[in-house]
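Number 389 in our numbering belongs to position 13 of the sequence shown; there are no gaps in the numbering. Beta carbons are placed, not taken as given, at the ideal position from N, Cα and C, and that holds for glycine. The model shown is predicted, which means the values in this text are computed figures rather than measured ones.
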Amino acid sequence: MSTPARPAMPSGIAPITPELLTMVDAIARHGSFARAARELGKVPSAVTYAVRKLEDGLDVLLFDRSGHRARLTEAGETLLEDGRVVLQSLDDLACRVKRVATGWEVELRIAVSAVLPLDPLYDLMREFEAVASATTLRFSTEVLSGNWDALMANRADLVIGADAAGAPAGAYRSQPMGDTQFGFCVAPHHPLAALNRPLTSEDIRAHCAIVVADTSRNLPPRTRGVLQNQAMIVMPTMQAKIDAQVRGLGCGHLPLTLAAPYITQGLLVVCPTADVVPLTEHVVYAWRPEAPGQALKWWLARLQSPRLCEALLGVRDALPG
Numbered sequence: 377m378s379t380p381a382r383p384a385m386p387s388g389i390a391p392i393t394p395e396l397l398t399m400v401d402a403i404a405r406h407g408s409f410a411r412a413a414r415e416l417g418k419v420p421s422a423v424t425y426a427v428r429k430l431e432d433g434l435d436v437l438l439f440d441r442s443g444h445r446a447r448l449t450e451a452g453e454t455l456l457e458d459g460r461v462v463l464q465s466l467d468d469l470a471c472r473v474k475r476v477a478t479g480w481e482v483e484l485r486i487a488v489s490a491v492l493p494l495d496p497l498y499d500l501m502r503e504f505e506a507v508a509s510a511t512t513l514r515f516s517t518e519v520l521s522g523n524w525d526a527l528m529a530n531r532a533d534l535v536i537g538a539d540a541a542g543a544p545a546g547a548y549r550s551q552p553m554g555d556t557q558f559g560f561c562v563a564p565h566h567p568l569a570a571l572n573r574p575l576t577s578e579d580i581r582a583h584c585a586i587v588v589a590d591t592s593r594n595l596p597p598r599t600r601g602v603l604q605n606q607a608m609i610v611m612p613t614m615q616a617k618i619d620a621q622v623r624g625l626g627c628g629h630l631p632l633t634l635a636a637p638y639i640t641q642g643l644l645v646v647c648p649t650a651d652v653v654p655l656t657e658h659v660v661y662a663w664r665p666e667a668p669g670q671a672l673k674w675w676l677a678r679l680q681s682p683r684l685c686e687a688l689l690g691v692r693d694a695l696p697g
């Protein structure tokens with residue numbers, strides 16, 4: 377796609393500031409100057425004027441405004457792609473400077489595997505806030521290789537629940553947490569639930585699998601528990617996968633820690649399998665090898681608690697059978 381031509385305007389190269397890059401990023405995500413302005417806490421006219429001034433200074437169009445949505449031009453895509461790298465670098469620089477001055481990180485990014493519940497971490501968040509309110513906690517959820525990818529690509533400072541079997545080569549430190557158990561689950565009204573015998577791979581292959589896509593951006597993505605030539609519905613989150621299976625839309629393995637409430641309520645049943653290898657994950661928490669700041673040290677110390685690991689990995693409440 378070529379950049380639309382624009383009439384020559386008086387120019388002088390305008391400085392590209394972090395604030396302008398943030399504006400361009402917000403407009404690109406929302407497709408609207410007005411919605412971007414609301415996110416940034418500015419009036420729409422101020423955002424429009426700032427971007428127009430930047431376009432005039434660079435003598436390019438960054439957005440195609442001809443349709444209902446503001447769309448990036450080729451020049452705009454280049455600015456946004458490189459600009460996001462610049463913004464991340466500036467954030468990292470600010471964090472390093474703050475950490476050198478105080479020992480505490482400005483922000484601690486924690487990626488939690490989608491197979492783990494967040495509930496056991498809420499009390500820790502409250503405790504952390506009491507001792508380190510100046511450090512922002514930023515949580516994300518990752519799936520399969522996405523956990524390691526978040527750490528390797530510097531999107532996370534700490535990963536909780538990464539599958540040890542998928543660990544890539546690289547510099548990181550890790551500690552084992554235990555095993556996550558999975559069960560092959562369907563709704564009680566799903567056809568597989570009526571077979572009343574261990575399910576074979578052919579039984580399962582005949583029905584749609586509900587899966588959550590690997591969130592890795594750089595490492596090779598993985599799939600688990602899906603048979604060759606099996607139909608799939610790909611859901612955006614683990615909770616959405618559970619909801620889809622409760623509704624009988626398909627079948628699939630679920631971490632029992634998350635599925636337990638639905639099983640005890642009779643909304644899901646665990647089916648035994650005959651020739652399908654049971655899923656288990658030996659999970660770890662991991663971080664990069666450089667000396668940790670005070671916030672990361674605090675979380676690493678808490679993760680040494682066997683009770684916390686049991687809460688994250690164990691099945692809450694007794695399951696039938």
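Practice task
Measure the alpha-carbon distance for G479 versus V491 and round it to whole angstroms.
Solution key: Taking the first residue of the sequence shown as 1, we reach residue 479 at position 103. Taking the first residue of the sequence shown as 1, we reach residue 491 at position 115. Near 32 angstroms, if we compare the C-alpha coordinates of V491 and G479.
Problem - Cutoff 8 angstroms; reference A547; Cβ partners in own chain excluding five residues on either side - result: Taking the first residue of the sequence shown as position 1, residue 547 is located at position 171. Excluding sequence neighbours, A547 sits near R664, P665.
Handout entry: Nearest-angstrom beta carbon gap, L630 and Q621 [assumed within contact, 8 angstroms]
Key = Within the sequence shown, residue 621 is the residue found at index 245, counting from 1. Within the sequence shown, residue 630 is the residue found at index 254, counting from 1. The Cβ separation is near 7 angstroms, so the contact holds.
Handout entry: Bounding residues of the beta strand (DSSP E) (the contiguous stretch that carries Y661)
Key = Residue numbering aside, residue 661 sits at position 285 when the sequence shown is read from its first letter. Annotation for Y661: the continuous beta strand (DSSP E) segment containing it runs 656–663.
Exercise for the section: Given a cut-off of 8 angstroms, decide if V400 and V427 are closer than it, judged by their beta-carbon atoms. Expected result: On the sequence shown, position 51 is the one that residue 427 refers to. On the sequence shown, position 24 is the one that residue 400 refers to. A contact, by the Cβ cut-off of 8 angstroms.
Exercise for the section: For F409, collect the residues of the same chain with a Cβ closer than 8 angstroms to its Cβ; drop the 5 residues on either side in sequence, then sort them by chain order. Expected result: Taking the sequence shown and counting its residues from 1, one reaches residue 409 at position 33. Excluding residues within five positions, the ones whose Cβ falls inside 8 angstroms are I403, P420, V423, T424, V427, A446.
Exercise for the section: To the nearest angstrom, report how far apart S550 and L437 are at their CA atoms. Expected result: Stepping through the sequence shown from its first residue, residue 550 is reached at position 174. Stepping through the sequence shown from its first residue, residue 437 is reached at position 61. One C-alpha to the other measures close to 47 angstroms.
Practice task
Label Y498 either buried or exposed according to how many other C-beta atoms from any shown protein chain fall within 10 Å of its C-beta, with 16 as the threshold for buried.
Solution key: Here the question's residue 498 lines up with position 122 in the sequence shown. Burial call: exposed.
Problem - Own chain, CB closer than 7 angstroms to A687, minus 5 neighbours either side, in chain order - result: Taking the first residue of the sequence shown as 1, we reach residue 687 at position 311. Here the set comprises P496.
Exercise for the section: For V660, collect the residues of the same chain with a Cβ closer than 7 angstroms to its Cβ; drop the 5 residues on either side in sequence, then sort them by chain order. Expected result: Here the question's residue 660 lines up with position 284 in the sequence shown. A538, A540, S550, Q551, P552, M553, listed in sequence order.
Handout entry: Span of the alpha helix (DSSP H) around C685
Key = Residue mapping note: residue 685 aligns to position 309 of the sequence shown, counting from 1. Counting along the chain, the alpha helix (DSSP H) containing C685 begins and ends at 682–689.
Practice task
Take G452 as the anchor and find which of C647, T633, G407, L625 has the nearest alpha-carbon.
Solution key: Taking the first residue of the sequence shown as position 1, residue 452 is located at position 76. Closest option to G452, Cα to Cα, is G407.
Problem - Neighbourhood of E657 by C-beta, 6 angstroms cutoff - its chain only, sequence neighbours within 5 removed - result: On the sequence shown, residue 657 is found 281 positions in, with the first residue counted as 1. D539, T556, listed in sequence order.
Exercise for the section: Pair every Cβ in the stretch 571–582 with every Cβ in the stretch 590–600, then say whether three or more of these pairs are closer than 8 angstroms. Expected result: no
Handout entry: Per-residue DSSP class, three states only, for E481
Key = Position 105 of the sequence shown, counting from 1, holds the residue named residue 481. Of the three classes helix, strand and coil, the one that applies to E481 here is coil, per DSSP.
Handout entry: Unbroken stretches of the beta strand (DSSP E), 3 residues or longer, contained in the stretch 602–672
Key = The stretch 602–672 contains these whole beta strand (DSSP E) runs: 608–611, 628–631, 656–663.
Practice task
Count the other C-beta atoms from every protein chain shown that fall within 10 angstroms of the C-beta of D693, then say buried if there are 16 or more, exposed otherwise.
Solution key: Position 317 of the sequence shown, counted from the first residue, corresponds to residue 693. Below a pLDDT of 50, predicted positions are generally treated as unreliable, and D693, at 46, falls in that range; no measurement from the model is reported.
Exercise for the section: Please say whether A563 and L643 have beta carbons closer to each other than 8 angstroms? Expected result: Position 267 of the sequence shown, counting from 1, holds the residue named residue 643. Position 187 of the sequence shown, counting from 1, holds the residue named residue 563. Their beta carbons are under 8 angstroms apart, which means L643 touches A563 by this criterion.
Practice task
Report the residue from T398, L430, K429 whose alpha carbon sits nearest the alpha carbon of E415.
Solution key: In the sequence shown, residue 415 corresponds to position 39, counting from 1. Per the Cα distances, T398.
Practice task
Under the assumption that H565 contacts G624 (Cβ atoms under 8 angstroms), give the Cβ distance between them as a whole number of angstroms.
Solution key: As a working note, residue 565 is residue 189 in the sequence shown. As a working note, residue 624 is residue 248 in the sequence shown. Contact holds; Cβ gap of about 5 angstroms.
Handout entry: Contact set for A470: own chain, Cβ-Cβ below 7 angstroms, skip 5 residues either direction
Key = Residue 470 sits at position 94 when you count from the first residue of the sequence shown. Only V482 meet the Cβ criterion.
Problem - Residues near K617 by beta carbon distance below 8 angstroms, same chain, minus five either side - result: By 1-based counting over the sequence shown, the position of residue 617 is 241. Around K617: I586, V587, V588, M611, G628, L630.
Practice task
Return the residue from the list P682, G669, T633, R683 that minimises the CA-CA distance to A477.
Solution key: Within the sequence shown, residue 477 is the residue found at index 101, counting from 1. That would be G669, whose Cα lies nearest to the Cα of A477.
Problem - N- and C-terminal bounds of the alpha helix (DSSP H) containing R502 - result: As a first step, residue 502 is located in the sequence shown; it is residue number 126 there, counting from the start. It spans 495–507 - the alpha helix (DSSP H) in which R502 sits, taken as one unbroken run.
Handout entry: Best match in E503, W524, E457, G601 for proximity to I580 [C-alpha to C-alpha]
Key = Residue 580 sits at position 204 when you count from the first residue of the sequence shown. Considering only alpha carbons, the answer is G601.
Problem - Check whether S592 and L520 have beta carbons under 8 angstroms apart - result: Position 216 of the sequence shown holds residue 592. Position 144 of the sequence shown holds residue 520. Contact: yes.
Exercise for the section: Express the C-alpha separation of P493 and L500 in angstroms, rounding to a whole number. Expected result: Translated into the one-based positions of the sequence shown, residue 500 becomes position 124. Translated into the one-based positions of the sequence shown, residue 493 becomes position 117. Roughly 13 angstroms between the two C-alpha positions.
Exercise for the section: From the DSSP output, read off the bridge partner residues of E453. Expected result: The residue labelled residue 453 in the question sits at position 77 within the sequence shown. Beta-bridge pairing links E453 to no other residue.
Problem - Where R472 sits in the DSSP three-state scheme - result: Counting from one through the sequence shown, the residue named residue 472 turns up at place 96. Here R472 sits in helix by DSSP.
Handout entry: Other residues of its chain near A384: CB distance less than 7 angstroms, five sequence neighbours each side excluded
Key = Residue 384 sits at position 8 when you count from the first residue of the sequence shown. Caution applies to A384, whose pLDDT of 45 falls short of 50 and renders its modelled position unreliable; the value that the coordinates give is listed next. Excluding positions up to five away in sequence, the list is empty.
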